[in-house]
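Colleague: Have a look at this one before I ask anything.
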Amino acid sequence: MESKVADRLSFYRSTIPNGKVEIVAVSKFQPEALIREAYMANQRVFGESRVQELKQKASLLPSDIRWHFIGHLQTNKVRELLRIPNLEMIESVDSFRLLEEIDREALRMGKIIHVLMEVHVAREESKFGFDPGELCDWFKNEGYSYLQATHISGVMGMASNTDDEQLIINDFQAISACFRKIKDENADLRGFDILSIGMTHDYLLAVREGSNMVRIGSGIFGER
Ligand SMILES: *Cc1c(COP(=O)(O)O)cnc(C)c1O
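Here the numbering used here is used: position 51 in the sequence shown is 843, and no number is missing along the way.
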């Protein structure tokens, strides 16, 4: 059977360095049938931005899917999110309060959760995320040392929503520099390796700036 989703997936796979960049298929607002098409084409990592929707889909879809949460997460939804067995990562930790809550709940449940810290550089797109300088200082001061059940695996970010390529490049360079600075200044940080930048319209620019995780939604599944 012909599958448009499978064709699009193989297109994206063919345009990024093989084995170096993970594709997160962003399936928010997309029906289960399209997610199954991607699954049949061997896609295993999917991204969702709402807890209810992720929970619903995770209960219906194969259990070897590795779900990434990529939306703004309210602290009162953390427990529900962490209960999803095959949640692999929360990519969108955008406040220290949220990080504390995640750690507390994960510890309570006896699991280790992997997270990315969301860096905010874009002009208008989202108001969530850390200022790069603030985040660097926090790492330098080993602000993470109290964490017991949370593994910080890297950073996530978005570029400004604009047609101006140079602006997008500048944003990605700022996020990438923040990621490398944290790595350089904290030699004992282990497993801090993921730079999640790039979406459908800008993933190639992101890969050029060092991205090793791209989050592609409409390019794979069509418009939402
Ligand atoms: C929706 C979303 C994406 C995917 O966007 P597309 O332009 O459809 O590829 C990526 N990252 C985040 C955080 C999103 O909310």
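Backbone N, C-alpha and C fix where the C-beta goes; we use that ideal spot for every residue, glycine too.
Leaving out the 5 sequence neighbours to the left and right, which residues in its chain are closer than 8 Å to R842 when beta-carbon positions are compared?
Modeller: K820, G863
Colleague: So, do the stretch 943–962 and the stretch 976–993 have three or more beta carbon pairs nearer to each other than 8 Å?
Modeller: Contact between the stretch 943–962 and the stretch 976–993 is present: three or more C-beta pairs spanning the two stretches fall below 8 Å.
Colleague: Please find out if some non-hydrogen atom of ligand 1 comes closer than 7 Å to the beta-carbon of H993.
Modeller: Yes, the beta carbon of H993 sits closer than 7 Å to at least one heavy atom of ligand 1.
Colleague: Just to check, is the beta-carbon of G1009 closer than 7 Å to a non-hydrogen atom of ligand 1?
Modeller: yes
Colleague: T942 bridges to which residues according to DSSP?
Modeller: I905
Colleague: Let me know the secondary structure DSSP gives I1008 once reduced to three states.
Modeller: strand
Colleague: Taking Cβ to Cβ, would you say I967 is nearer than 8 Å to V885?
Modeller: no
Colleague: Can you list, in chain order, the residues of its chain whose CB lies under 7 Å from that of F964, leaving out five sequence neighbours each side?
Modeller: A951, I989, L997, A998, E1001
Colleague: Using 8 Å for Cβ pairs, my map puts L873 next to F861. What's the rounded Cβ distance?
Modeller: 6 Å
Colleague: What residues in its chain sit with their C-beta under 8 Å from that of D856, if we drop five residues either side in the sequence?
Modeller: R836, N878
Colleague: For the beta strand (DSSP E) holding F984, just list the boundary residues, first then last.
Modeller: Note, F984: premise wrong, no beta strand (DSSP E); not H, not E.
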